[in-house]
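Visitor:
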Amino acid sequence: MKIAIVGVTGLVGSIMLKVLEERGFNKIQLIPVASSASIGKKIKFLNKDYSVVSVEEAIAQNPAIAIFSAGSDASLKYAPKFAETGCFVIDNSSAWRMYTNVPLVVPEINSNAITLETKIIANPNCSTIQMVMALAPLHNKYKIKRLVISTYQSVTGTGVKAVRQLENETKGIDTEKAYPYSIHRNLFPHGGSFLENGYTSEEQKLVDETRKILSDNSLRITSTVVRVPVTGGHSIAVNIEFENDFTLEDVRKLLIAMPGIVVLDDIEKNIYPMPLLSEGKDEVFVGRIRRDESNPNTLNIWIVADNLRKGAATNAVQIAQYLIEKGLAK
Ligand SMILES: NC(=O)c1ccc[n+]([C@@H]2O[C@H](COP(=O)([O-])OP(=O)(O)OC[C@H]3O[C@@H](n4cnc5c(N)ncnc54)[C@H](OP(=O)(O)O)[C@@H]3O)[C@@H](O)[C@H]2O)c1
């Protein structure tokens, strides 16, 4: 089977190759794709060298699956061209996520949104993925009414240029900036671009995508996204108000039973999730599970995951695995 990785030279693209290797994709014919600036560049996959090709060349090779992590403009322009050939597109950008006929998929939650007619499948925003992984089992049991979300997002969420900015600033080297301010010894309440309602695009994604994945437009959600000088993963504090009451013991049990979730919650031993622990791992870590004593039926939790893994590459590769296992991609 031919699989194209569009954006293979980027942060997500490079992790995508690792995840494909780890998950036994050793019989695929890889088609590595990037911008015109990278054509001919060598990429290693399973100890074999591959040359990066153009998008046009990749379409001509007729892959069964194309996984995009090349930004929204490239996805908007090229995903339909791959889809026209019968190829399944799994897209990491925000370009297609809110189209009604495009499923927004976290395989542990809603792979059934993929139908025979589906050609473009959207991978949700990195923060949304890790958050809904913890919310879904709780929503099923207690029905969420309202969420108050605060994120602490890693610079790896912005791509290669942002990681370089933090590294250079840490060493005192003058650097090209991915952000309007210095990120070393700093943080800012600004992820993506500002919208007319005063929220940022990253904040709005958490609202819209959570409602779509949990299939509940009545959910009341407000969010604040903060960029922090961290590289190992995104952290999220969520305050969850439920329709029905819960016990902390039952909440723990539901989270432990959810595939892909690891509960790290032993405050007596200072055990809780942190980006240093999540880096390079596929799981979503949940801790600081406690009742909000100021409001009925309300819970506080803390969720950490490697945004390049479950927040991007791992989730996309899981979708590819699903397409293959179900015999949809051949
Ligand atoms: N970082 C995350 O945590 C994360 C999580 C979820 C989703 N995403 C999404 O994934 C995408 C990539 O993110 P990233 O962090 O990997 O960014 P990145 O490090 O800046 O990499 C961007 C990649 O896209 C390629 N590219 C750019 N324009 C292209 C074009 N016109 N045609 C083909 N390839 C093109 C680049 O190729 P060159 O090297 O040739 O420029 C590079 O391989 C974005 O849409 C982002 O929103 C990122």
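Under numbering that gives the first Met the number 0, think of the first position of the sequence shown as 0, with each following residue one higher.
Cβ coordinates follow ideal geometry from the N, Cα and C atoms, glycine included.
1) Could you tell me the alpha carbon to alpha carbon distance between Thr174 and Gln320, rounded to whole angstroms?
2) What are the boundary residues of the alpha helix (DSSP H) that includes Ser222?
3) Just the Cα atoms here: how many angstroms apart are Ile238 and Ile270?
4) With contact counted as at least three CB pairs below 8 angstroms, one residue from each stretch, are the stretch 244 to 254 and the stretch 154 to 168 in contact?
5) Using 8 angstroms for Cβ pairs, my map puts Lys204 next to Ala177. What's the rounded Cβ distance?
6) Taking only the alpha-carbon atoms, compute the straight-line gap between Ser71 and Ile4 and give it to the nearest angstrom.
7) Could you check whether Gln129 and Val283 sit closer than 8 angstroms to each other, using their CB atoms as the reference points?
8) Quick one: complete beta strand (DSSP E) runs, 3+ long, within the stretch 112 to 176?
9) In whole angstroms, give me the CA-to-CA distance for Phe81 and Glu267.
10) Counting C-beta neighbours from all protein chains within 10 Å, is the total for Thr199 16 or more, i.e. buried, or is it exposed?
11) How should Ala59 be labelled, buried or exposed, when 16 other C-beta atoms within 10 angstroms of its C-beta is the threshold for buried?
12) What does the alpha-carbon distance come out to for the pair Glu202 and Glu195?
13) According to DSSP, Ile235 sits in a beta bridge with which residue or residues?
14) Find out if the Cβ-Cβ distance for the pair Ser110, Asp90 is shorter than 8 angstroms.
15) By the three-class DSSP mapping on this structure, what secondary structure does Thr99 have?
16) Per DSSP, Tyr49 is paired with what?
17) By how many angstroms is the C-alpha of Ser192 removed from the C-alpha of Lys309?
18) Taking all protein chains shown into account, do 16 or more other C-beta atoms lie within 10 angstroms of the C-beta of Ser35, making it buried, or fewer, making it exposed?
19) Looking only at DSSP bridge pairs, what is Thr209 linked to?
20) Tell me whether Lys1, by its Cβ, gets closer than 7 angstroms to a heavy atom of ligand 1.
21) Per DSSP, what are the beta-bridge partners of Lys1 in this structure?
22) Between which residues of its own chain and Gln317 is the CB-CB distance below 7 angstroms, once the five residues before and five after are set aside?
23) I'd like the ranges of any alpha helix (DSSP H) spanning at least 4 consecutive residues and lying wholly in the stretch 251 to 324.
24) Ligand 2 and Thr8: does the residue's C-beta get closer than 7 angstroms to at least one heavy atom of that ligand?
Guide: In brief:
1) One-based indexing of the sequence shown puts residue 174 at position 175. One-based indexing of the sequence shown puts residue 320 at position 321. Thr174 and Gln320: Cα-Cα distance of roughly 40 angstroms.
2) If you number the sequence shown from 1, residue 222 lands on position 223. Element bounds for Ser222: not the alpha helix (DSSP H) but the beta strand (DSSP E), Arg219 to Arg226.
3) For the purposes of this step, residue 238 is identified with residue 239 of the sequence shown, where counting begins at 1. For the purposes of this step, residue 270 is identified with residue 271 of the sequence shown, where counting begins at 1. Reading the sequence as shown, one finds Asn at residue 238 and not Ile. Cα to Cα, Asn238 sits roughly 20 angstroms from Ile270.
4) no
5) Along the sequence shown, one-based indexing puts residue 204 at 205. Along the sequence shown, one-based indexing puts residue 177 at 178. Their Cβ separation, rounded to whole angstroms, is 18 angstroms, which puts Lys204 and Ala177 out of contact at 8 angstroms.
6) The count along the sequence shown starts at 1 and reaches residue 71 at position 72. The count along the sequence shown starts at 1 and reaches residue 4 at position 5. Whole-angstrom Cα-Cα distance: 15 angstroms.
7) On the sequence shown, residue 283 is found 284 positions in, with the first residue counted as 1. On the sequence shown, residue 129 is found 130 positions in, with the first residue counted as 1. Closer than 8 angstroms, so yes.
8) 119 to 121 and 143 to 152
9) Walking along the sequence shown from the start, residue 81 turns up at place 82. Walking along the sequence shown from the start, residue 267 turns up at place 268. About 53 angstroms.
10) Position 200 of the sequence shown holds residue 199. It counts as buried.
11) The residue labelled residue 59 in the question sits at position 60 within the sequence shown. That one is exposed.
12) Here residue 202 refers to the residue found at position 203 when the sequence shown is read from its first residue. Here residue 195 refers to the residue found at position 196 when the sequence shown is read from its first residue. Those two C-alpha atoms are separated by around 13 angstroms.
13) In the sequence shown, counting from the first residue as 1, residue 235 sits at position 236. Thr150 and Ile302, per the DSSP bridge assignment.
14) Counting from one through the sequence shown, the residue named residue 110 turns up at place 111. Counting from one through the sequence shown, the residue named residue 90 turns up at place 91. For Ser110 and Asp90, no; Cβs fall outside 8 angstroms.
15) On the sequence shown, residue 99 is found 100 positions in, with the first residue counted as 1. If DSSP states are grouped into helix, strand and coil, Thr99 belongs with coil.
16) The sequence position of residue 49 within the sequence shown is 50, counting from 1. Partner(s): Ile42.
17) By one-based count along the sequence shown, residue 309 stands at place 310. By one-based count along the sequence shown, residue 192 stands at place 193. Going by the C-alpha atoms only, they are around 24 angstroms apart.
18) Counting from 1 along the sequence shown, the entry for residue 35 is found at position 36. By the 10 Å Cβ count, Ser35 comes out exposed.
19) As a first step, residue 209 must be located in the sequence shown, where it is residue number 210. DSSP lists no partner for Thr209.
20) As a working note, residue 1 is residue 2 in the sequence shown. No - ligand 1 has no heavy atom lying nearer than 7 angstroms to the Cβ of Lys1.
21) Position 2 of the sequence shown, counted from the start, is the residue given in the question as residue 1. Lys1 is bridged to Gln28.
22) What you label residue 317 is simply residue 318 of the sequence shown in a count that begins at 1. Same-chain partners within the cutoff: Pro106.
23) 274 to 277 and 313 to 324
24) Here the bound small molecules are ligand 1; ligand 2 is not part of this structure.
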